[in-house]
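Mapping of the sequence shown onto the working numbering: residues 80 to 369, in sequence order. Just so you know, even glycine gets a beta-carbon here, dropped at the ideal spot from N, CA and C. One structure is given here, and the rest of the page talks about it.
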Amino acid sequence: MCTGSVVGVGVTAGVRCGGSGAPYYAVGVRAPSPVRVAATHAALVLVTVATLLPILWVMRMALSPSQGFSLGLDGGWTLDNFVAVVSTTSADGRWLFGRQLFNSVLVSAATAIVGVGLACTAGYALSRWSFPGRDRLMATFLLTQMFPGVVMAIPLYILLDALHLLDSMTGLVLVYSTTSVPFATWNLKGYFDTIPKELEEAAMMDGASRWTTFWSIILPLARPAIAVTALFAFMTSWNEFILAATLMGDERAYTLPVVLNGYVGEFGAEWGRFAAGAILVSLPVTALFF
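Right under this line is the structure:
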């Protein structure tokens with residue numbers, strides 16, 4: 080029986096028939112030196128440690144009985160911080176954390192649906208039709224991405240106040256959806272460009288309308304891009320803090336990032352509860368990747 084394998088990075092082992100099957104190196108191909116292999120693994124270990132250290136530090140603080148910012152588990156570990164975060168109640172005794180979790184899920188899901196829905200139609204139009212001002216419109220979409228959210232905070236506050244949408248999930252969804260449309264449109268437009276126009280032309284020759292081809296042909300083919308774009312919109316809304324803190328003044332309307340900010344005050348910080356809350360907030364987004 081003949082066997083073959085690849086050994087090392089960019090080094091191909093020869094094929095051996097019979098015997099132990101141990102690989103041998105082809106003529107002219109030099110095996111990586113032990114020093115190089117050791118250096119590569121050492122670098123990978125350092126990168127892994129640097130990546131995992133912040134996560135482990137947060138987990139340590141979340142499990143610590145104190146509210147300090149130090150390393151180590153000298154005082155043992157406990158789940159009290161998680162219990163304290165989850166069991167938060169309002170002044171009238173209602174479960175506040177549950178309401179705030181619902182706010183985050185509702186706002187993020189609605190933003191993904193509304194933003195991606197608008198971006199699908201806009202991206203399709205920009206992909207399939209050439210009209211005056213199209214290139215300038217796409218450039219304007221990119222231009223809006225240059226400005227941070229804090230620049231829009233005051234104008235959006237005045238606008239939502241005039242519309243009586245402050246402390247409202249509807250107002251926050253409208254704000255998040257409009258800010259997600261430019262990137263989502265560019266992302267979907269690029270994917271629509273890769274779908275052959277001949278598929279639509281064939282469907283129209285069979286009597287399908289433009290809307291039928293868009294709904295029944297283009298959107299099913301674009302499901303991977305729609306899923307990625309929706310995930311991006313969901314994550315952006317889930318993690319956004321500045322606009323939510325500006326537009327939401329009632330604690331019952333808070334989203335989870337605003338809740339986390341409450342554990343770090345001007346005169347002190349509850350790092351244990353902050354870390355526990357950060358872990359809980361990251362779980363839904365992490366679950367979306369699996």
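If we count the other Cβ atoms within 10 Å of its Cβ and call it buried at 16 or more, is residue i buried or exposed?
i: Met327; result: buried
i: Thr258; result: buried
i: Ser288; result: exposed
i: Lys276; result: exposed
i: Ile233; result: exposed
i: Gly89; result: For Gly89, the pLDDT reaches just 45, beneath the cut-off of 50, and the residue's location in the model is therefore unreliable, although a value from the coordinates is still provided. By the 10 Å Cβ count, Gly89 comes out exposed.
i: Gly269; result: exposed
i: Gly250; result: buried
i: Phe369; result: exposed
i: Trp208; result: exposed
i: Leu135; result: exposed
i: Pro336; result: buried
i: Ser256; result: buried
i: Leu267; result: buried
i: Met140; result: buried
i: Ile237; result: exposed
i: Trp317; result: buried
i: Phe210; result: exposed
i: Val260; result: buried
i: Ser166; result: exposed
i: Phe148; result: exposed
i: Ala122; result: exposed
i: Ala301; result: buried
i: Val124; result: exposed
Using a Cβ-Cβ cut-off of 8 angstroms (strictly less than) and excluding sequence neighbours within five positions of residue i, which residues of its own chain qualify?
i: Met138; result: Ala354 and Ile358
i: Pro144; result: Gly154, Gly155, Trp156, Thr157, Asp159 and Gly351
Return the bridge partner residues of residue i from the DSSP annotation.
i: Ala348; result: Val343
i: Trp265; result: Bridge partners of Trp265: none, in fact.
i: Trp174; result: Thr168
Whose C-beta lies closer than 6 angstroms to the C-beta of residue i among residues of the same chain, with five residues either side of it excluded?
i: Ser169; result: Leu175
i: Arg352; result: Asn160, Ala163, Val164 and Tyr342
i: Glu319; result: none
i: Val360; result: Leu335
With DSSP collapsed to three states, give me the class of residue i.
i: Thr168; result: strand
i: Glu319; result: coil
i: Pro370; result: One cannot answer for residue 370 here, as it falls past the ends of the chain, which runs 80 to 369.
i: Ala287; result: coil
i: Met327; result: coil
i: Cys225; result: The residue you asked about is not Cys; residue 225 is Met in the sequence shown. Here Met225 sits in coil by DSSP.
i: Tyr203; result: helix
i: Gln179; result: helix
i: Asp240; result: helix
i: Ile274; result: coil
i: Phe161; result: helix
i: Tyr103; result: Here the model assigns Tyr103 a pLDDT of 48, short of 50, so the residue's position is not dependable and the matter cannot be decided.
i: Gly356; result: helix
i: Ser145; result: coil
i: Pro303; result: helix
i: Ser112; result: coil
i: Tyr255; result: helix
i: Ser247; result: coil
i: Leu362; result: helix
i: Leu235; result: helix
i: Gly155; result: coil
i: Thr334; result: coil
i: Leu367; result: coil
In chain order, what residues of the same chain lie with their CB nearer than 7 angstroms to the CB of residue i, ignoring the 5 residues before and after it?
i: Leu195; result: Here residue 195 turns out to be Val, not Leu, going by the sequence shown. Result list for Val195: Ala263, Ile305, Thr308, Ala309 and Ala312, in chain order.
i: Leu239; result: Leu245, Gly250 and Leu326
i: Leu339; result: Phe353, Gly356, Ala357 and Val360
i: Thr315; result: Ser259
i: Val364; result: Met314 and Trp317
May I ask whether a heavy atom of the ligand SAM can be found less than 7 angstroms away from the beta carbon of residue i?
i: Leu238; result: Ligands displayed in this structure: none; no statement on the ligand SAM is therefore possible.
Self-check item: Touch test, the region 315 to 334 against the region 163 to 179, Cβ-Cβ under 8 angstroms, three pairs minimum
Solution: yes
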